[in-house]
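Residue numbers (the UniProt record's numbering): 1 to 487.
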């Protein structure tokens with residue numbers, strides 16, 4: 001009985017990780033663009049460090065158009081290569097124009113759908129088009145399907161977002177009337193991650209806050225969205241216990257969110273690992289509870305919501321309350337985030353520094369078998385020896401470069417000096433390789449990037465441990481490579 005429950009829990013955990021990895025593959029490749037936008041916003045918006053009316057004109061278009069389009073392109077590319085990326089971006093434009101709020105969540109829904117539909121249609125036409133008409137059919141199929149899905153997004157997303165905001169407004173009004181203020185975290189934390197924070201803050205919370213501040217001289221309504229203690233705590237948990245790109249970029253995001261007041265740079269981290277939403281939610285709930293008890297609040301909206309601006313908007317009788325409330329929210333979010341990351345881990349896309357060779361797949365096949373179950377001899381596609389191995393990651397720099405170095409050293413150590421081991425990005429894979437080694441989450445993209453049915457694809461989970469390349473060496477031995485003396 002206990003064993004069955006453990007298996008069930010393991011399956012649930014795997015589904016959570018798989019979903020997190022799915023979202024991570026859309027967001028994390030574009031995280032640098034989010035940080036770049038955050039820097040521009042922190043510097044040049046009217047309340048930034050160096051206000052500049054001309055330069056600040058870049059901020060809004062990047063947030064509204066460029067970033068969602070990048071997410072949409074990446075989401076589509078992950079499913080159907082470049083064609084999937086193009087139709088993903090085209091479809092995303094429909095939801096962007098059809099909504100009054102930033103459409104990251106819309107991009108993450110409609111772009112994969114569009115790419116999946118195009119992939120199915122392309123499969124129907126495969127091998128049935130007369131020579132010379134391929135480009136015509138390809139362009140028209142993508143254009144017609146993309147235009148149709150973009151129109152659907154434009155027509156449907158506006159009413160959907162309006163309904164969502166109405167539900168949130170009703171819920172917030174009920175919470176205020178019932179005097180259960182900490183429960184606002186249930187609405188605010190998800191609204192932030194969906195980039196609805198400005199709509200909720202300025203459209204619902206701020207009017208209530210100004211009314212209360214006129215009577216009492218301060219309002220806690222101004223510290224619901226701009227309370228960045230919990231989100232900073234979540235980012236710190238990622239910086240300490242996370243992996244890969246998220247871990248490396250979390251400190252920069254903390255600086256931009258905490259000092260620059262651009263909380264939006266935190267949202268992609270939680271989109272990539274949704275379980276962390278509970279860390280921010282818990283931290284915000286506790287923070288609001290402490291603030292309410294101690295009498296915290298601001299005299300007006302802190303915009304941008306930096307710690308410095310919060311300090312400037314804090315009245316003298318709320319200084320201690322605000323410091324304690326925000327600080328405790330930070331610590332609680334960090335503690336919850338650390339526990340969640342230790343329990344559930346990070347999405348597979350983030351595990352760029354943990355790579356174990358386990359599985360192998362032929363191009364065009366959905367049947368992926370473990371090494372232990374089929375034996376090394378099953379890898380051999382022919383009697384020809386291995387001449388070139390490519391270790392590939394998304395960027396083709398950090399993790400794949402280290403992995404290639406480890407494998408190259410191992411290959412030379414075992415006497416196979418004639419094998420070339422190189423690293424590459426998925427976008428620049430060449431068809432002259434005999435083996436391509438990549439992450440399991442990137443396998444489909446790798447297979448779409450090359451056209452050579454004789455290439456063996458190996459999926460990995462840890463690039464750095466020498467012993468984890470035993471299976472790769474088994475493939476080399478199976479292909480009858482000649483040893484060359486290392487002396």
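Even glycine gets a Cβ: it sits at the ideal position worked out from N, Cα and C. This structure is a prediction, so every number in the text was calculated from the model and none was measured.
When you compare the CB positions of residue i and residue j, do they come within less than 9 angstroms of one another, or not?
| i | j | result |
| --- | --- | --- |
| residue 317 | residue 295 | yes |
| residue 309 | residue 35 | no |
| residue 246 | residue 273 | yes |
| residue 386 | residue 416 | yes |
| residue 263 | residue 288 | no |
| residue 490 | residue 455 | The structure shown does not extend to residue 490, since the chain spans only 1 to 487, so no value can be given for it. |
| residue 210 | residue 300 | yes |
| residue 437 | residue 392 | yes |
| residue 430 | residue 390 | yes |
| residue 279 | residue 337 | yes |
| residue 180 | residue 208 | no |
| residue 446 | residue 421 | no |
| residue 281 | residue 315 | no |
| residue 217 | residue 153 | no |
| residue 168 | residue 200 | yes |
| residue 67 | residue 193 | no |
| residue 285 | residue 196 | no |
Return the chain-ordered list of same chain residues with a C-beta closer than 6 angstroms to the C-beta of residue i, the five sequence neighbours on each side being excluded.
| i | result |
| --- | --- |
| residue 473 | none |
| residue 334 | 233, 236, 237 |
| residue 205 | 221, 224 |
| residue 470 | none |
| residue 352 | Only weak support exists for where residue 352 lies, its pLDDT of 39 falling under 50; the coordinates are left without a value. |
| residue 49 | 43 |
| residue 178 | none |
| residue 410 | 466, 469 |
Only counting the same chain, and skipping five residues up and downstream in sequence, which positions put a Cβ closer than 8 angstroms to that of residue i?
| i | result |
| --- | --- |
| residue 467 | none |
| residue 254 | 232, 235, 236, 239 |
| residue 444 | 78, 79 |
| residue 71 | 26, 27, 30, 92, 104, 107, 108, 111 |
| residue 45 | 51, 56, 59, 304 |
| residue 363 | Bear in mind that a pLDDT of 43 at residue 363, under 50, signals an unreliable position, so the number given afterwards is only what the model happens to contain. Same-chain partners within the cutoff: 447, 450, 452, 453, 455, 457. |
| residue 151 | 94 |
Can you tell me which of the options puts its alpha carbon nearest to the alpha carbon of residue i?
| i | options | result |
| --- | --- | --- |
| residue 190 | 225, 216, 89 | 225 |
| residue 41 | 449, 29, 54 | 54 |
| residue 268 | 475, 249, 260, 292 | 249 |
| residue 476 | 438, 425, 418 | 418 |
| residue 111 | 286, 320, 149, 411 | 149 |
| residue 260 | 38, 424, 403 | 38 |
| residue 185 | 177, 178, 172 | 172 |
| residue 69 | 89, 188, 63 | 89 |
| residue 320 | 63, 219, 384, 291 | 291 |
| residue 302 | 410, 219, 164, 131 | 219 |
| residue 33 | 407, 345, 306, 265 | 265 |
| residue 270 | 134, 306, 346 | 346 |
Sorted by chain position, which residues of the same chain lie with C-beta nearer than 7 angstroms to residue i's C-beta, five sequence neighbours on each side aside?
| i | result |
| --- | --- |
| residue 87 | 76, 114, 115, 118, 142, 145, 146 |
| residue 84 | 76, 77, 115, 118, 119 |
| residue 96 | 64, 65, 68, 103 |
| residue 408 | 421 |
Which stretch, first to last residue, makes up the alpha helix (DSSP H) that contains residue i?
| i | result |
| --- | --- |
| residue 474 | 470-478 |
| residue 122 | 104-125 |
| residue 490 | Residue coverage of the chain in this structure runs from 1 to 487, which leaves residue 490 outside it and unanswerable. |
| residue 228 | Note, residue 228: premise wrong, no alpha helix (DSSP H); not H, not E. |
| residue 326 | 319-344 |
| residue 101 | Note, residue 101: premise wrong, no alpha helix (DSSP H); not H, not E. |
| residue 35 | 31-44 |
| residue 287 | 277-294 |
| residue 215 | 206-216 |
| residue 312 | 307-312 |
Over the uninterrupted beta strand (DSSP E) stretch that includes residue i, give me the two end residues.
| i | result |
| --- | --- |
| residue 257 | It is not in any beta strand (DSSP E) - residue 257 carries neither H nor E in the DSSP assignment. |
| residue 452 | Premise fails: residue 452 is in no beta strand (DSSP E) and is neither H nor E. |
| residue 388 | 388-393 |
| residue 264 | Run containing residue 264: none; DSSP gives neither H nor E here. |
| residue 458 | 456-460 |
| residue 439 | 435-439 |
| residue 185 | Element bounds for residue 185: not the beta strand (DSSP E) but the alpha helix (DSSP H), 184-193. |
| residue 420 | 420-425 |
Does the segment 123-139 come close enough to the segment 90-101 to have 3 or more Cβ pairs within less than 8 angstroms? no
Quick one: any contact between the segment 285-305 and the segment 316-335, if contact means 3 or more CB pairs under 8 angstroms? yes
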